[in-house]
Ligand code: SF4
Ligand code: SF4
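Numbering (the working numbering), first residue to last: 517 to 771.
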């Protein structure tokens, strides 16, 4: 815990393959317009009451999510708009440099740092080769956070935008008719939306009109009988994953 970690990018390009990259909404429009694919990942947390003020992890979840209901149950929904590709990123050049360097997503700018401030950086979970972490590299991470100023600023910007856009993502889901989510920590419901429909919805959203008042009615998707029973007992709406077609616009991904 809290180890000092040294790091410098070797520009090997390994981190630019097989990704699900979380995007801000303004980055999403750019990604789509450059021909990339985007999916919408949804998970939801039962939220019968507000957590204690000192519960920082709960506060973080609250800031990243928007308020909604599932039947009689108050919930918070975490929606991630994600650039999705298998194999190399469509922007990766043959020399392993980024072909969209000036407009690359914030999440690319902070790698290998963690987006979530409650997750400690673990080099073994990253794509970077051993030489990137060598003892003669500059200090990148100490006392549980990044020390490199560019990474620090990009991480702060990413979190600020992520929190600001949470209620706007509620509006986006409402416009797209999306209202199914997995139980948090159990999986995701992944919604695939046609590029034109997503661009049209994004163009209708006022990014400055932030409101947490759109309490739409969401339905949980689960593959577990015990989860289904528990959610039904507390008044939520639930559908079994078998009712979700993997070839349709919605699929269920269990952890
Ligand atoms: S946008 Fe650039 S940095 Fe980000 S994954 Fe693609 S090639 Fe890599
Ligand atoms: S995997 Fe690590 S070392 Fe390689 S390009 Fe990505 S950030 Fe740099």
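Each residue gets a CB set at the ideal place from its N, CA and C atoms; glycine is no exception.
Tell me whether residue i counts as near ligand 1, meaning its Cβ is closer than 7 angstroms to at least one heavy atom of that ligand.
i	result
residue 607	yes
residue 610	no
residue 621	yes
residue 770	no
residue 614	yes
residue 535	yes
residue 624	yes
Out of the options, point me to the one whose CA is closest to residue i's CA.
i	options	result
residue 542	556, 677, 630 and 698	677
residue 607	647, 754, 598 and 621	621
residue 748	532, 588, 574 and 528	588
residue 665	629, 645 and 697	629
residue 752	709, 592 and 680	592
residue 734	712, 619, 584 and 612	584
residue 519	673, 527 and 662	662
residue 530	632, 684 and 612	612
residue 603	708, 743 and 534	534
Once the 5 residues before and after residue i are set aside, which same chain residues still bring their CB inside 7 angstroms of it?
i	result
residue 536	598 and 600
residue 544	554, 597 and 718
So, at 8 angstroms on beta carbons, what are the nonlocal neighbours of residue i in its own chain, with the 5 sequence-adjacent residues on each side left out?
i	result
residue 521	637, 639, 649, 655, 656, 657 and 658
residue 721	541, 684, 687, 688 and 691
Ends of the alpha helix (DSSP H) at residue i?
i	result
residue 683	665-692
residue 607	Segment: none, residue 607 is in no alpha helix (DSSP H) and carries neither H nor E.
residue 630	Segment: none, residue 630 is in no alpha helix (DSSP H) and carries neither H nor E.
At which residues does the beta strand (DSSP E) containing residue i begin and terminate?
i	result
residue 525	Neither: residue 525 is in no beta strand (DSSP E) and is coded neither H nor E.
residue 536	533-539
residue 765	Residue 765 -> no beta strand (DSSP E), and no H or E assigned at all.
residue 743	No beta strand (DSSP E) holds residue 743; the alpha helix (DSSP H) holding it covers 741-749.
What does a CB cutoff of less than 6 angstroms around residue i pick up in its chain, not counting 5 residues either side in sequence?
i	result
residue 532	605 and 608
residue 578	none
Legend entry - Closer than 6 angstroms to ligand 2: residues, by C-beta to nearest heavy atom, in chain order: With the cut-off at 6 angstroms, the residues found are 525, 526, 527, 528, 529, 530, 531, 627, 628, 643, 644 and 648.
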